[in-house]
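Number of protein chains: 2
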Amino acid sequence: MAALKYSRQREAIIDFLQTRKDHPSADMVYMNVRKEFPNISLGTVYRNLTLLSDLGVILRLHLEDGVDHFDATTAPHFHFYCTQCKSVLDLDLEDSPSLVTSAQEQFAGKIQGHATYFYGLCDQCIHK
Amino acid sequence: MAALKYSRQREAIIDFLQTRKDHPSADMVYMNVRKEFPNISLGTVYRNLTLLSDLGVILRLHLEDGVDHFDATTAPHFHFYCTQCKSVLDLDLEDSPSLVTSAQEQFAGKIQGHATYFYGLCDQCIHK
DNA sequence: TTCCTTGCAAATCGTTTGCATAATG
DNA sequence: CATTATGCAAACGATTTGCAAGGAA
């Protein structure tokens, strides 16, 4: 029942997210979209991020740092979180359907998906 | 350099968590431990939960509902989150070192572990 | 004109923290 | 006695929300 109407701000938010692979926080989105829309408010950013993730257009990630992160790649994939530099990366494993399948075999409810993140040290943080 | 000292409140918090398999929030812990220590403060509950999860005695889970959940089972396992009733369950999958292993094969950094939760509808929510 | 969206600011809410006091080792 | 833990309340920070004005259908 949404009856969504177009807005340039929302488009800019989606566009920005699609250029990034590092899963920005709402504040990051805000600071960047502000270059194009200096008057955009943080509330508008949050409203759109919430709307878009409710619609499934983007993903909302809950990591360990207390701030939500957003991801324009909605195809199932895995994430890596560096405990040192706090960066977030995509991991492209082939294996994800079998994970859900094997979980489903042992679970009476209906599994619709999963959120998985690996944690540890990223390549850069190891070498310094 | 911790130099931990005993406290009855902390013990009660751990004891309570060990009796539960539903991964209570800090507020749940607070309400229950209050039966035994009516004057305990929410701050003390948070301080101990944070301390214990930093020490690795318990796990702190970041789910979709915006509140942190705590788990006294620290052995690697999976979680299920019901998107309808918001309950959290343990899933005992044949532990998959293969998950970390296969991820590690394709990743230059060092993977130390993973947090995985499945989401969907639990058995009870399907049948109503 | 109707209803969605925005900007702004205030409100929420989970969590953390400063401080004086109590308990532990 | 030295140090850690507690209770209380205030502070914090991320996110949400009410409202009046602006923009899309």
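From first to last, the protein sequence lines stand for chains G and U. All the letters of the first sequence, read from the start, carry residue numbers 308 to 435 under the working numbering. All the letters of the second sequence, read from the start, carry residue numbers 308 to 435 under the working numbering. Ideal placement from N, C-alpha and C gives every residue a C-beta, glycine not left out. All figures in this text were calculated on a predicted structure; none of them were measured in a lab.
Exercise for review: Tell me residue 389 of chain U's beta-bridge partners as DSSP assigns them.
Suggested key: U:427
**Study point:** C-alpha gap between residue 397 of chain G and residue 386 of chain U, whole angstroms
**Key:** 21 angstroms
Check your understanding: Any idea if residue 427 of chain G is buried or exposed, counting beta-carbon neighbours within 10 angstroms, 16 or more meaning buried?
Key -> Per the 10 Å Cβ criterion, buried.
Practice item. Taking 8 angstroms as the cut-off, decide whether the C-beta atoms of residue 267 of chain G and residue 358 of chain G are in contact. Key: Residue 267 of chain G lies beyond the stretch modelled for chain G, which goes from 308 to 435, so this question has no answer here.
**Study point:** Exposure of residue 416 of chain G, with buried meaning 16 or more beta-carbon neighbours within 10 Å
**Key:** buried
Check your understanding: What first and last residue would you give for the beta strand (DSSP E) that runs through residue 396 of chain G?
Key -> 395-398
Exercise for review: Please name the residues in the region 417-431 of chain U whose beta-carbon is closer than 9 angstroms to at least one beta-carbon of chain G, in chain order.
Suggested key: The residues in question are 417, 418, 419, 420, 421, 422, 423, 424, 425, 426, 427, 428, 429, 430, 431.
Point to revise | Proximal residues of chain U, C-beta to C-beta of residue 433 of chain G below 9 angstroms | key: 415, 416, 417
Check your understanding: In angstroms, rounded to a whole number, what distance separates the CA positions of residue 342 of chain U and residue 361 of chain G?
Key -> 39 angstroms
**Study point:** Cβ pair count under 8 angstroms reaching 3, the region 408-415 of chain U against the region 371-379 of chain G
**Key:** no
Practice item. Drop a sphere of 10 angstroms on the beta-carbon of residue 337 of chain U, count the other beta-carbons inside from all chains shown, and report buried for 16 or more, exposed for fewer. Key: buried
Point to revise | For residue 342 of chain G, the three-state DSSP class (helix, strand or coil) | key: helix
Review point. Which of helix, strand or coil does DSSP assign to residue 358 of chain G?
Key: helix
Review point. Counting contacts by CB-CB distance shorter than 8 angstroms, is residue 343 of chain U in contact with chain G?
Key: no
Exercise for review: Could you pull out every residue in the same chain whose Cβ sits closer than 8 angstroms to the Cβ of residue 340 of chain U, ignoring the five residues on either side in sequence?
Suggested key: 316, 319, 320, 323, 347, 352
**Study point:** Given residue 378 of chain G as reference, the closest of G:391, G:389, G:395 once Cα atoms are compared
**Key:** G:395
Exercise for review: Name, in chain order, the residues that DSSP records as bridge partners for residue 417 of chain U.
Suggested key: G:428, per the DSSP bridge assignment.
Review point. Which residues mark the beginning and the end of the beta strand (DSSP E) in which residue 367 of chain G is found?
Key: 366-369
Review point. What's the call for residue 314 of chain G, buried or exposed, on a 16-neighbour Cβ count within 10 Å?
Key: exposed
Review point. How far does the beta strand (DSSP E) with residue 378 of chain U in it reach, from first residue to last?
Key: Taken as a continuous stretch (DSSP letters only), the beta strand (DSSP E) holding residue 378 of chain U covers 375-378.
Practice item. Would you kindly report the start and end of the unbroken alpha helix (DSSP H) that includes residue 321 of chain G? Key: Going by DSSP, residue 321 of chain G is part of the alpha helix (DSSP H) stretching over 315-326.
Review point. How many Å lie between residue 365 of chain U and residue 310 of chain G at the Cα?
Key: 45 angstroms
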